[in-house]
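Engineer:
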Ligand code: BT5
């Protein structure tokens, strides 16, 4: 990664401190430890390669050297933000979709934490918290974006088809600029986290809205229905075949269009 370009571009944002690594296990692990140790709000961990990148439930996230964005942003939520922490994954996903949409791409959110381009996963988000007793002290937003085609793992490693920005935009993708735009988006949207308009923005970019989907839950059970939108806390709102409304909460869920 071009360090000078990175410094220059990040200096335009009101970030906390920044830790850059050529290679690291997981930027989220580093950020969680740093947050526990007192990192400032909006501190950033960024790496050119992850050797033990994580998805949800300790699934693997692949970040081969020089091919992708992998970073973790530490938020110290304010008292006003604390009742709305389940919306943070939406904040991150919206910032990613916005950064891609300004480049003319039709990006959508596959609830809860994937960003799709043309139905293929281009980015993944992992939000984790540091607790202090009963209260969340810090939230770590981990984001991985496939920039080059080489970032995309082979098909047998994937739960869902994947793509890269190079695939969509050609080879001249500026990694540092995309990082800047995603961070700027998070910072700009954050004051609106508690508002109805934030929820509406999030709903508007949901993939499969108005379509029949199936959701596989952690216990293996399947929920089928039409995706209507989001509840106030960011849970997914469906209506099933019998016209009954169903709420899918965050957790181990896999959303798919119905075959
Ligand atoms: C995610 O989990 O999609 C969250 C990924 C978060 C990664 C970031 S990178 C910076 C920060 N540091 C970390 O250690 N993590 C965060 P999930 O929905 O569980 O999806 C994981 C699944 O995505 C895997 O099981 C693979 O099938 C697939 N996958 C792995 N690497 C991928 C890639 N580069 N592109 C597309 N799909 C991938």
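Residue numbers (our numbering): -18 to 240. Backbone N, C-alpha and C fix where the C-beta goes; we use that ideal spot for every residue, glycine too. All values derive from a computational prediction rather than experimental measurement.
#1: Skipping 5 residues on each side, what residues in its chain have a beta carbon closer than 6 Å to that of residue 184?
#2: Measure from the alpha carbon of residue 163 to the alpha carbon of each residue in 46, 43, 28 and 72, then state which is nearest.
#3: Spatial neighbours of residue 179 within its chain, please: C-beta separation below 6 Å, excluding the five flanking residues on both sides.
#4: Out of curiosity, what's the CA-to-CA distance linking residue 25 and residue 107?
#5: Can you name the start and end residues of the beta strand (DSSP E) that residue 51 belongs to?
#6: Could you tell me whether the stretch 52 to 61 touches the stretch 133 to 147, where touching means 3 or more Cβ pairs closer than 8 Å?
#7: Check this for me: beta carbons of residue 149 and residue 98, under 8 Å apart or not?
#8: Under a Cβ-count criterion, where at least 16 other Cβ atoms within 10 Å of its own Cβ denotes burial, should residue 220 be classed as buried or exposed?
#9: Can you look up residue 22 in the DSSP assignment and give me helix, strand or coil?
#10: Just mark residue 9 as buried or exposed, buried being the case when its beta carbon has 16 or more other beta carbons within 10 Å.
#11: Taking 7 Å as the cut-off, is the CB of residue 220 close to at least one heavy atom of the ligand BT5?
#12: Quick check: is any heavy atom of the ligand BT5 less than 7 Å from the C-beta of residue 40?
#13: Considering only the beta carbon of each residue, do residue 82 and residue 88 sit closer than 8 Å?
#14: Kindly give me the distance between the Cβ atoms of residue 217 and residue 208, rounded to whole angstroms, as I take these residues to be in contact under 8 Å.
#15: Once the 5 residues before and after residue 165 are set aside, which same chain residues still bring their CB inside 7 Å of it?
#16: I'd like to know whether the C-beta atoms of residue 30 and residue 46 end up nearer to each other than 8 Å.
#17: Would you check whether the ligand BT5 has a heavy atom nearer than 7 Å to the C-beta of residue 102?
Structural biologist: By the coordinates alone:
#1: Residue 184 sits at position 203 when you count from the first residue of the chain shown. The answer, listed in chain order, is 210 and 211.
#2: Against the chain shown, residue 163 aligns to sequence position 182. Looking at the Cα atoms, 72 is the closest of the given residues.
#3: Looking up residue 179 in the chain shown gives position 198. Excluding its 5 nearest sequence neighbours in each direction, residue 179 has C-beta neighbours in its own chain below 6 Å: 173, listed in chain order.
#4: Position 44 of the chain shown holds residue 25. Position 126 of the chain shown holds residue 107. One C-alpha to the other measures close to 15 Å.
#5: Within the chain shown, numbered from 1, the residue matching residue 51 stands at position 70. Per DSSP, residue 51 belongs to the beta strand (DSSP E) from 49 to 56.
#6: no
#7: Taking the chain shown and counting its residues from 1, one reaches residue 149 at position 168. Taking the chain shown and counting its residues from 1, one reaches residue 98 at position 117. Yes, these two residues count as a Cβ contact at 8 Å.
#8: Here residue 220 refers to the residue found at position 239 of the chain shown. Residue 220 is exposed by the Cβ-count criterion.
#9: For the purposes of this step, residue 22 is taken as residue 41 along the chain shown, with counting starting at 1. Three-state result, residue 22: coil.
#10: In the chain shown, residue 9 corresponds to position 28, counting from 1. Result: buried.
#11: Within the chain shown, residue 220 is the residue found at index 239, counting from 1. Incorrect: residue 220 has no Cβ contact closer than 7 Å to the ligand BT5.
#12: Translated into the one-based positions of the chain shown, residue 40 becomes position 59. Yes; taking the cut-off as 7 Å, the Cβ of residue 40 has a heavy atom of the ligand BT5 nearer than that.
#13: Counted from its first residue, the chain shown places residue 82 at position 101. Counted from its first residue, the chain shown places residue 88 at position 107. Closer than 8 Å, so yes.
#14: For the purposes of this step, residue 217 is identified with residue 236 of the chain shown, where counting begins at 1. For the purposes of this step, residue 208 is identified with residue 227 of the chain shown, where counting begins at 1. Confirmed, about 7 Å.
#15: Within the chain shown, the letter at position 184 stands for residue 165. Shown here for residue 165: same chain residues with a beta carbon closer than 7 Å to its own, the five before and five after excluded, namely -6 in chain order.
#16: Numbered from its first residue, the chain shown carries residue 30 at position 49. Numbered from its first residue, the chain shown carries residue 46 at position 65. Yes, the Cβ-Cβ distance between residue 30 and residue 46 is below 8 Å.
#17: Along the chain shown, read from residue 1 onward, the residue named residue 102 stands at position 121. Yes, Cβ of residue 102 sits closer than 7 Å to a heavy atom of the ligand BT5.
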